[in-house]
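What follows is one structure encoded as structure tokens, with my remarks underneath.
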Amino acid sequence: MNWTEKYRPAHLDDVIGNKEAKEKLLKWAREWQVGSPSKKAVILYGKPGVGKTSAAHALARDFGWEIVELNASDDRNRDVIRRVALTGAVSEILGAPEDAMGRKVRRLIILDEADNLYERNGDAGGKGAIIETIKAAKQPIILLANDYYGLTKGRGSELKKLCIPIEFGRVSEREIVSLLEKICRNEGLEYEKEALEAIARRCDGDVRSAINDLQSISYERRITRDALRHLGYRDREAEIFTALRIILKARDMRTAINQARILDESPDNLILWIDENLPAEYTNPTDLMRGYYFLSRADVFLGRTWRRQYYGMWRYAYELMTGGVAAAKRYGRGGFVRYSFPTWLRKMAAGKQERRMKQEMARKIGKKMHCSASKAMEILPLIKRIFMNAKMASLLAVSLELKREEIEYLAEDKEKAEEIYKMAEKIRKMNKQTMLFNF
Amino acid sequence: MFQAKIKPDFIKTIIDATAILVDEAKFKLTADGIYGRTVDPAHVGMIDFKLRKEAFEEYNCSEDSEIGIDLDKFNSILKIAGGDDVVTMEYKKDEGRLIVNIGNLKRKLPLLDVSEMSDTKIPSLEFPAEIVAPTADIWQAIRAAESISDHITFIATKDNFQMKSEGDADVLELTLTKDNLISIKCEEEVKSMFPLDYLRDMIKVARGKSEEITINLGNNYPVKLTFEMADGNIRIMYLLAPRIESD
Numbered sequence: 020m021n022w023t024e025k026y027r028p029a030h031l032d033d034v035i036g037n038k039e040a041k042e043k044l045l046k047w048a049r050e051w052q053v054g055s056p057s058k059k060a061v062i063l064y065g066k067p068g069v070g071k072t073s074a075a076h077a078l079a080r081d082f083g084w085e086i087v088e089l090n091a092s093d094d095r096n097r098d099v100i101r102r103v104a105l106t107g108a109v110s111e112i113l114g115a116p117e118d119a120m121g122r123k124v125r126r127l128i129i130l131d132e133a134d135n136l137y138e139r140n141g142d143a144g145g146k147g148a149i150i151e152t153i154k155a156a157k158q159p160i161i162l163l164a165n166d167y168y169g170l171t172k173g174r175g176s177e178l179k180k181l182c183i184p185i186e187f188g189r190v191s192e193r194e195i196v197s198l199l200e201k202i203c204r205n206e207g208l209e210y211e212k213e214a215l216e217a218i219a220r221r222c223d224g225d226v227r228s229a230i231n232d233l234q235s236i237s238y239e240r241r242i243t244r245d246a247l248r249h250l251g252y253r254d255r256e257a258e259i260f261t262a263l264r265i266i267l268k269a270r271d272m273r274t275a276i277n278q279a280r281i282l283d284e285s286p287d288n289l290i291l292w293i294d295e296n297l298p299a300e301y302t303n304p305t306d307l308m309r310g311y312y313f314l315s316r317a318d319v320f321l322g323r324t325w326r327r328q329y330y331g332m333w334r335y336a337y338e339l340m341t342g343g344v345a346a347a348k349r350y351g352r353g354g355f356v357r358y359s360f361p362t363w364l365r366k367m368a369a370g371k372q373e374r375r376m377k378q379e380m381a382r383k384i385g386k387k388m389h390c391s392a393s394k395a396m397e398i399l400p401l402i403k404r405i406f407m408n409a410k411m412a413s414l415l416a417v418s419l420e421l422k423r424e425e426i427e428y429l430a431e432d433k434e435k436a437e438e439i440y441k442m443a444e445k446i447r448k449m450n451k452q453t454m455l456f457n458f
Numbered sequence: 110m111f112q113a114k115i116k117p118d119f120i121k122t123i124i125d126a127t128a129i130l131v132d133e134a135k136f137k138l139t140a141d142g143i144y145g146r147t148v149d150p151a152h153v154g155m156i157d158f159k160l161r162k163e164a165f166e167e168y169n170c171s172e173d174s175e176i177g178i179d180l181d182k183f184n185s186i187l188k189i190a191g192g193d194d195v196v197t198m199e200y201k202k203d204e205g206r207l208i209v210n211i212g213n214l215k216r217k218l219p220l221l222d223v224s225e226m227s228d229t230k231i232p233s234l235e236f237p238a239e240i241v242a243p244t245a246d247i248w249q250a251i252r253a254a255e256s257i258s259d260h261i262t263f264i265a266t267k268d269n270f271q272m273k274s275e276g277d278a279d280v281l282e283l284t285l286t287k288d289n290l291i292s293i294k295c296e297e298e299v300k301s302m303f304p305l306d307y308l309r310d311m312i313k314v315a316r317g318k319s320e321e322i323t324i325n326l327g328n329n330y331p332v333k334l335t336f337e338m339a340d341g342n343i344r345i346m347y348l349l350a351p352r353i354e355s356d
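Chain order of the listed sequences is A and B. Per this note's numbering, residue 20 is the first one in the first sequence, and the count goes up by one each step. Per this note's numbering, residue 110 is the first one in the second sequence, and the count goes up by one each step.
Structure, rendered in structure tokens:
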């Protein structure tokens, strides 16, 4: 059995990460138990695998609601959405409409991949039918989407007014690791903690892919860093090195072009590899110059592809960077040449975590200071200075709702961060209590 | 091993009755007969039917099993059968198909995977009112309401059963008094509003086959429609969720 199904959270509390989003969702659902909130629908959006579908299902289970679901596998045109979602949204449930405590029992309508509907011009499209459904709805509706912008652009702009948007962000590595540990214990697997950490790091906040990765290396009953290699990162590198060798050493264009076709690597990545290793292979300056000429032409096409969003132009980029570059050399160089991993990619990957954390903090600061995230980024070093004072730091941490790892980054010292974190927790608790009293 | 002979009209009624809600359904073959229970994709309508072995010309089922049927496909075979024909059905467990014979015609009907089809539970409901009414009268009210609105309200009082439909300006009412009804049990007034399209399809199944329909009603509550044919050996029960009238 698929572990992502087996360990699908039964209750909303069991959905890891996204505390704030879950609270918003819960607040909206509670309104449905006593009446009808002004917003009939919420949009749960965010990357795949962060728990949107799980949260929707767990919510229905916690509240004892019936679920009507339209999946991406259903053919979701206007008629189907109206027949299923609209009909369901204006009718009571088939059972008793109130539970023993007198709370309304609801039919929750879940529309999976709402940003990926069958669309045709005008009224025939799926978005129009969703808007119609939400306007008429007397039952709760959850739209799930990866791309909030894609869902709410064009005809979908009305959705912005009709729905509460709730973002599901990446789940932190710490939480993913502890979930993976739980699964390992439950399955009776031996594991190296470092291996679980590596899986969590690689999945980039996507819980589903982390669980899938864990399951796919679990057949030896031991989760080790060694076993992780089977997941393909290294193999992939070797594959690219081989292909690169064939492309750069090719004597005719066709061999080089065909190799690119077999490799199945996007041209934006492939061009980095060729760019990195071209000087190692082409020692003759004229060859090298002509090689880079073709590479730059390929890059022009990548730019056009991006600007026009017309991926048909990828083929020109492919052929120029492989066939063009191969044909550019007059003096081939025999023998083994050591290739290397693209420097640019390595640097980007190394700073990824830190960059993301800084951006997230800048967003929070921007919100409080009424400025853009990029403006807030400029004052981040000043905040770092303030963090030398633990007391002020803890107050800031509370008002900016900083996470533990963010505090650690700003404090630049583990022990100090721990102290700030503890103080911040205390203040938070106190605030909560005063709020209760005021209420 | 399952083997049965039945009048085409009987099996066709069951298929039609289920097909108004879904395209595919799971049927249970047991020693006592064939049972089915399905809910439509919007979870608004439910059918629960019993086709007792006494309704068959011949019936033989040595082992319980579940089969998944593509209703459209099954119907296309049954269309061929005339009123005097007899339909023979054969099924061996794990064979993955149902063999249907009509006269000398033999059709192998591939079955669907039932493991993907969930079991449907009948919700526990308590109805304050029960009306037994002539099918023809109900059908007439539904037909008349269709030109006015897309929903209809059922109202039961101590002595009357009323069906009421309101359009923008038009109002249609059909009142059946105690004398027009076969029976009515109702302590205090209850009323619920229902989607006409579902109701029409459900009553249409009963029309011409069952003289009377039992209607169980509540206040903003699902309705239960029950009717029987073939001397009570075929029993069809529908549940339909009401429309929500206000916020």
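We treat Cβ as the ideally placed atom computed from N, Cα and C, and that holds for glycine. Small disclaimer: the values here were computed from a predicted structure and weren't measured.
Inter-residue CB distance, residue i and residue j (contact presumed, cutoff 8 Å)
{"i": "B:Thr-323", "j": "B:Glu-239", "result": "7 Å"}
{"i": "B:Ile-343", "j": "B:Phe-183", "result": "At roughly 17 Å, the Cβ-Cβ gap does not stay under 8 Å, so B:Ile-343 and B:Phe-183 are not in contact."}
{"i": "B:Ile-231", "j": "A:Glu-111", "result": "Not a contact, Cβ separation roughly 16 Å."}
{"i": "B:Thr-266", "j": "B:Val-148", "result": "About 31 Å separates the two Cβ atoms, so there is no contact after all."}
{"i": "A:Phe-187", "j": "A:Ala-392", "result": "The pair is not a contact, with the Cβ atoms about 19 Å apart (cut-off 8 Å)."}
{"i": "A:Gly-70", "j": "A:Asn-37", "result": "6 Å"}
{"i": "A:Leu-89", "j": "A:Leu-130", "result": "5 Å"}
{"i": "B:Val-241", "j": "B:Leu-290", "result": "7 Å"}
Which of helix, strand or coil DSSP assigns to residue i
{"i": "B:Ser-185", "result": "helix"}
{"i": "B:Ser-171", "result": "coil"}
{"i": "A:Phe-82", "result": "helix"}
{"i": "A:Val-61", "result": "strand"}
{"i": "B:Gly-154", "result": "strand"}
{"i": "B:Asn-269", "result": "strand"}
{"i": "B:Glu-204", "result": "coil"}
{"i": "B:Leu-130", "result": "coil"}
{"i": "B:Asp-179", "result": "strand"}
{"i": "B:Ala-350", "result": "coil"}
{"i": "A:Arg-101", "result": "helix"}
{"i": "B:Phe-263", "result": "strand"}
{"i": "A:Arg-95", "result": "coil"}
{"i": "B:Thr-122", "result": "helix"}
{"i": "B:Leu-112", "result": "A quick correction: the sequence has Gln, not Leu, at residue 112 of chain B. Strand, per DSSP."}
{"i": "A:Gly-107", "result": "helix"}
6 Å Cβ shell around residue i - same chain, five flanking residues per side excluded
{"i": "A:Glu-177", "result": "Ile-150"}
{"i": "A:Leu-289", "result": "none"}
{"i": "B:Pro-237", "result": "Val-299 and Gly-327"}
{"i": "B:Trp-248", "result": "Ile-312 and Arg-316"}
{"i": "A:Gly-385", "result": "Ser-391, Ala-392 and Ala-395"}
Spatially closest choice to residue i from the options, by CA coordinates
{"i": "B:Phe-165", "options": "B:Gly-341, B:Met-311 and B:Ala-350", "result": "B:Gly-341"}
{"i": "A:Ser-191", "options": "A:Gly-207, A:Leu-399 and A:Arg-221", "result": "A:Arg-221"}
{"i": "A:Glu-441", "options": "A:Lys-410, A:Leu-297, A:Lys-43 and A:Ala-279", "result": "According to the sequence shown, residue 441 of chain A is Lys rather than Glu. Selected option, being the one with the closest Cα: A:Lys-410."}
{"i": "B:Thr-205", "options": "B:Asn-269, B:Leu-290, B:Val-332 and B:Ser-174", "result": "The sequence given here has Gly at residue 205 of chain B, not Thr. Ranking the options by Cα distance to B:Gly-205, first place goes to B:Ser-174."}
{"i": "B:Phe-136", "options": "B:Val-314, B:Asn-169, B:Glu-337 and B:Leu-160", "result": "B:Leu-160"}
{"i": "A:Ser-55", "options": "A:Ile-160, A:Arg-95 and A:Lys-66", "result": "A:Ile-160"}
{"i": "A:Leu-113", "options": "B:Glu-296, B:Lys-162, B:Leu-285 and B:Gly-154", "result": "B:Gly-154"}
{"i": "A:Gly-342", "options": "A:Asp-81, A:Gly-310, A:Leu-215 and A:Gly-36", "result": "A:Gly-310"}
{"i": "A:Glu-200", "options": "A:Ile-230, A:Thr-171 and A:Met-454", "result": "A:Ile-230"}
{"i": "B:Tyr-388", "options": "B:Ile-143, B:Glu-167 and B:Ile-261", "result": "Outside the shown range of chain B, which is 110 to 356, sits residue 388 of chain B, and nothing can be said about it."}
{"i": "A:Trp-47", "options": "A:Ala-75, A:Lys-25 and A:Val-109", "result": "A:Ala-75"}
{"i": "A:Thr-106", "options": "A:Ile-128, A:Lys-123, A:Lys-268 and A:Arg-374", "result": "A:Ile-128"}
Beta-carbon proximity list for residue i, same chain, < 7 Å, skipping 5 on both sides
{"i": "A:Ser-73", "result": "Arg-27, Pro-28 and Val-34"}
{"i": "A:Gly-147", "result": "Arg-97 and Arg-174"}
{"i": "B:Gly-177", "result": "Glu-133, Lys-135, Leu-220, Leu-221, Asp-222, Val-223 and Met-226"}
{"i": "A:Lys-66", "result": "Asn-165, Arg-189, Gly-224 and Asp-225"}
{"i": "A:Tyr-167", "result": "Ile-62, Tyr-64 and Pro-184"}
8 Å Cβ shell around residue i - same chain, five flanking residues per side excluded
{"i": "B:Ile-189", "result": "Ile-211 and Leu-214"}
{"i": "A:Ile-281", "result": "Ala-262"}
{"i": "B:Pro-351", "result": "Ser-301, Met-302, Phe-303, Asn-329, Tyr-330, Pro-331 and Val-332"}
{"i": "A:Arg-241", "result": "Leu-208, Glu-209 and Tyr-210"}
{"i": "B:Lys-287", "result": "Asp-268, Asn-269 and Ile-293"}
{"i": "A:Leu-307", "result": "Leu-297, Pro-298 and Tyr-301"}
Exercise. In chain order, which alpha helix (DSSP H) runs of at least 4 residues are fully inside the region 301 to 344 of chain B?
Worked result: 305 to 315
Problem set entry | Runs of alpha helix (DSSP H) lying entirely within the region 177 to 239 of chain A, each at least 4 residues, in chain order | 177 to 181, 192 to 206, 212 to 222 and 226 to 235
Exercise. Which full runs of the beta strand (DSSP E) of 3+ residues lie inside the region 314 to 385 of chain A, going along the chain?
Worked result: none
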